[in-house]
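*Asks:* Pasting a structure here, questions to come.
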């Protein structure tokens, strides 16, 4: 007696069952292959759209500022559609995704390879957004002190930090402090004599400048805390602030260290404009650590972006790293620099 099997409502004899199973496998493979191609195609188009937007639009709105801040994340995986299409045998689709993939690598790789120059640093600078509502100012100051910096620049310097700073003042005989009950207090502490201090108003935010002699050369330190580009008016002021910094320091012919929380990532057009117009070098990028992240610290996720920077001109970045944030949402920046002697 013949055995029968039911496949999709069709009665087949036993000798037909093998061919039916093969047909089903082929159909399943075709469905998987077609679905995979569709997914890869949609993702490839998405990366094309992201790349065009990155090239076409500035950071003139809160939405665009947030978009450019995310560039490091999506650009670093723009090569995935190319790999997926190639594995599926869709070679033309893979080729179509090459441009966004190459652009993504172009945006994320510079400054992530190599190391700093083989010279001995003669200056250590620590910059930290200490968080004005920090509940443990003494512990954070002790952490910063443990890095043995020569110069310390602080943002969001509050009366709580001012009250806890006596040990810092004893170790750093030269200082300038302007605490505030809002997010724009600031301070600089130095082991080396401070020759000059200037408070510069830029769009309602004060930039603290301090001239310090290092290795026989006067180095200007600019302690900056830029406005956050999170809504219309603030975005405009943030733009204007970075533009004013560009103009101001383009005209500065001496050694310069600009440090602080710029509320900008390396992918923001306004940040790139600052580097170019003022002839500044991103310290992280100079030592192969451009992809480092400093904010937001805390919770279950690691920091997502780098808002904190040490930018230099006439000074060489030898090593730049991040410290441990105590009670704050920004990781401190530790920059070892070489200030060349006056010839």
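In the working numbering, the protein residues as written are 1 to 343. Ideal Cβ positions, reconstructed from N, Cα and C, are used throughout, including at glycine.
1) Quick check: the Cα distance between residue 106 and residue 305, rounded to an integer number of angstroms?
2) Using the beta-carbon count (16 or more within 10 Å), is residue 55 buried or exposed?
3) Does any C-beta atom of chain B lie closer than 9 Å to the C-beta of residue 275?
4) For residue 345, report the span of its beta strand (DSSP E) as first-last.
5) Should residue 224 be labelled buried (16 or more other beta-carbon atoms within 10 Å of its own) or exposed?
6) Got a sec, what are the start and stop residues for the alpha helix (DSSP H) residue 249 sits in?
7) What would DSSP say about residue 50, mapped onto helix, strand or coil?
8) For residue 307, does the count of other Cβ atoms within 10 angstroms reach 16, so buried, or fall short, so exposed?
9) Please classify residue 44: does DSSP put it in a helix, a strand, or coil?
10) Per DSSP, residue 155 forms a beta bridge with which residues?
11) To which residues of the same chain is residue 252 closer than 7 Å at the C-beta, ignoring the five residues directly before and after it?
12) How close, in whole Å, do the beta carbons of residue 65 and residue 330 come, if the pair is a contact with beta carbons under 8 Å?
13) Reducing DSSP to helix, strand and coil, say where residue 342 ends up.
14) Kindly list the residues whose CB is nearer than 6 Å to the CB of residue 278, restricted to its own chain and excluding five residues on each side of it in sequence; keep chain order.
15) Helix, strand or coil, according to DSSP, for residue 138 in the structure here?
16) Residue 310 to residue 161, Cα distance in whole Å?
17) Measuring CB atoms only, is the region 168-184 touching the region 232-242, in the sense that at least three cross pairs come out at less than 8 Å?
18) Is the beta carbon of residue 109 less than 9 Å from the beta carbon of residue 128?
*Replies:* Taking the geometry as given:
1) 18 Å
2) Answer is exposed; the Cβ neighbour count stays below 16.
3) Within the model displayed, chain B is absent; a lone protein chain is all it includes.
4) The first residue shown for the chain is 1 and the last is 343, placing residue 345 beyond what the model contains.
5) Residue 224 should be labelled buried.
6) 232-250
7) helix
8) buried
9) helix
10) 129 and 186
11) 220
12) About 18 Å separates the two Cβ atoms, so there is no contact after all.
13) coil
14) For residue 278, where only same-chain residues beyond five positions count, the Cβ hits under 6 Å are 246, 249 and 250.
15) helix
16) 22 Å
17) Counting Cβ pairs under 8 Å, fewer than three are found: no touch.
18) no
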